[in-house]
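Colleague: The listed protein sequences derive, respectively, from chains A and B.
Under this note's numbering, the letters of the first sequence match residues 26 to 197, in that order.
Under this note's numbering, the letters of the second sequence match residues 873 to 1115, in that order.
By construction, the Cβ of each residue, glycine as well, lies at the ideal position given by its N, Cα and C atoms.
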Amino acid sequence: MSGILILELFVIAFTAGLWFYMKKKGYKNVTRKFIILFVGVLLFEIMSEPMWLNTGFDEWTYIYRDITWVLTLGWVSIFMISIMLVNYVFQHFPEKKKFWLYLLFIEAIVVPLESGLLITGVRGYAEVLTSTFSGTLIPFTPVPLEAIWALPLFTSLILTFYKYVNYLFERS
Amino acid sequence: MIGLYSGKWFLIIVTNSFPSSPIFPYYPSNCKRFKYDYINIIIKNEVQMVLFELSVISLSIIFLLILKKLDKDILRKFGIVFIAVLLFEYFTQALWLNVNLERWAYLYLDVSWIITLGWATIIVVSMAIINLYFPRYSERSRFLLYLIIITIIGLVAEAVVVNLGIRQYSSAVKDVLIGYNILGGVPIEVLYYIPVFMALVLSFSRYWEISFGEPDKSTSTKKEGSRVNKLAKKKTAKRRTKK
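1. Could you pull the DSSP bridge partners for residue 28 of chain A from this structure?
2. Name, in chain order, the residues that DSSP records as bridge partners for residue 1040 of chain B.
3. Closer than 8 Å, Cβ to Cβ, to anything on chain A: give me those residues from the region 1037 to 1061 of chain B, in chain order.
4. Name the chain A residues whose beta carbon is nearer than 8 Å to that of residue 964 of chain B?
5. I want to know whether the region 165 to 183 of chain A touches the region 128 to 137 of chain A - three or more CB-CB distances under 8 Å.
6. How many Å lie between residue 139 of chain A and residue 48 of chain A at the Cα?
7. If I measure Cβ to Cβ from residue 1033 of chain B and keep anything under 7 Å in the same chain, skipping five residues before and after, which residues do I get?
8. By a C-beta neighbour count over all protein chains shown, 10 Å radius and 16 as the cutoff for buried, is residue 928 of chain B buried or exposed?
9. For a test of your reading of the model: does the CB of residue 182 of chain A fall under 7 Å from any non-hydrogen atom of the ligand COA? Yes or no.
10. Tell me, please, whether the region 1000 to 1010 of chain B touches the region 1068 to 1078 of chain B by the rule of three or more beta-carbon pairs shorter than 8 Å.
11. For the alpha helix (DSSP H) holding residue 1078 of chain B, just list the boundary residues, first then last.
12. In terms of alpha-carbon separation, which member of B/975, B/961, B/940 lies closest to residue 921 of chain B?
13. Which one of A/172, A/194, A/53 has the shortest CA to CA distance from residue 1011 of chain B?
14. Can you give me the start and stop residues for the beta strand (DSSP E) that residue 90 of chain A sits inside?
15. If you measure from the beta carbon of residue 46 of chain A to each beta carbon in chain B, is any gap under 8 Å?
16. Does the region 49 to 56 of chain A come close enough to the region 78 to 93 of chain A to have 3 or more Cβ pairs within less than 8 Å?
17. Does residue 148 of chain A pass the burial test, meaning 16 or more other C-beta atoms within 10 Å, or should it be called exposed?
18. Count the other C-beta atoms from every protein chain shown that fall within 10 angstroms of the C-beta of residue 925 of chain B, then say buried if there are 16 or more, exposed otherwise.
19. Closer than 7 Å by beta-carbon distance: list the chain A residues that pair up with residue 1083 of chain B, in chain order.
20. Count the other C-beta atoms from every protein chain shown that fall within 10 angstroms of the C-beta of residue 963 of chain B, then say buried if there are 16 or more, exposed otherwise.
21. Report the option in A/74, A/62, A/122, A/77 whose CA atom is closest to the CA atom of residue 106 of chain A.
22. Is the beta carbon of residue 59 of chain A closer than 8 Å to that of residue 101 of chain A?
23. Within the continuous beta strand (DSSP E) that includes residue 77 of chain A, where are the two ends?
24. At what residues does the beta strand (DSSP E) containing residue 149 of chain A begin and finish?
25. From residue 935 of chain B to residue 948 of chain B, what does the alpha carbon distance come to, in whole angstroms?
26. Here's the rule I'm using: 16 or more other beta-carbon atoms within 10 Å means buried, otherwise exposed. How should residue 75 of chain A be labelled?
27. Under 8 Å, Cβ to Cβ, is there at least one residue of chain A near residue 953 of chain B?
28. So if I threshold CB-CB distances at 8 Å, which residues from the region 159 to 182 of chain A count as touching chain B?
29. Can you tell me which of the three DSSP states residue 34 of chain A falls into?
30. Which first and last residues belong to the beta strand (DSSP E) in which residue 978 of chain B is found?
31. With a Cβ-Cβ cutoff of 8 Å, do residue 93 of chain A and residue 82 of chain A count as a contact?
32. Residue 30 of chain A to residue 44 of chain A, Cα distance in whole Å?
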């Protein structure tokens, strides 16, 4: 079994496990929440597709050009775990404060994972993007320094999409 | 007159080396006349850009002044939308090229606050129109209406900036395009890109508007909401026992 297949199966199993856990713990509308997050991430991935390179995945994982639904699932799990952790640890915090903590948690999870993907070579950046990099990396990682502020920027758009669409459903 | 546009002096100096300059594809019979026309084109473009920038700024101010009479929170809403658009533009700046604008119009690389201002105005005005004419519609229906009207206005605005030579697309984006253009040079894919971009920007702005207006209740999930309510109930119970 190749390394990439193990990664793909792990991401799928992890997301499924998270879904079951949330169902078991009594979270409401779990499937809907997963779908909204999936759509939010996917919209952003399609929009910014020329900037990233996801190579080496199995053919069945690709949706459009080099966008893979497995990585989208991975992002969904990262978002969901961060939201759950913040809601659990800082449950008494107001929504406005929790929002910044979501971003912080996502950043803390994503940087090591992105680092791993870059080392394995399945993740890369297109020339249009690398041409704007300063060339400085986050210490002990191959991740560009720009990721530190770029990550919260795009995750804030996806997070608010998730929160707002959820709110739309809950109001109806 | 040329001195006013000092930013373009370099180009004018280049034309002084005419007719040996490789910029020109052919040698016209009257070199002086040709050089004069070329300088005129530069000035014309420069004036066009200044006019465009001033139009965007003045239209934004006018619309904001009008909307201020209808909505006292319009400046806050505008600020949130401006930040949302800027976040998106900053993040995807490698994909789009905003060229030929004045130096003062740029914030970072080719991210221009004039373009951001234009988008923010389109969004805020569209939302205000929908809210004004369809106040009884549900939030969800209005959200879809926002998307439709912004896509229509945004498409026209995109055609304006493309035809003025301000908006260009990076090679990475061109590789993805199917090559079918509408409204004189706007890729057909814009019909997809604008609603997607707007869905994210509108969600961001509505989320923060609601967060500022109705903290905790509206943006929390049912489970979170119930937790907050429980905590609030506990606090009030404690206060009562203290009394």
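Modeller: Result, derived from the coordinates:
1. Partner(s): none; residue 28 of chain A has no beta bridge.
2. B/969
3. 1042, 1043, 1044, 1045, 1047, 1048
4. 72, 73, 76
5. yes
6. 28 Å
7. 1039
8. buried
9. Summarising the ligand content, the structure contains no ligands, and the ligand COA is consequently not present.
10. no
11. 1062 to 1085
12. B/975
13. A/194
14. Here residue 90 of chain A belongs to no beta strand (DSSP E), and DSSP marks it neither H nor E.
15. no
16. no
17. buried
18. buried
19. 120, 121
20. buried
21. A/62
22. yes
23. 77 to 79
24. 148 to 150
25. 14 Å
26. buried
27. no
28. 175, 178, 179, 181, 182
29. helix
30. 978 to 980
31. yes
32. 21 Å
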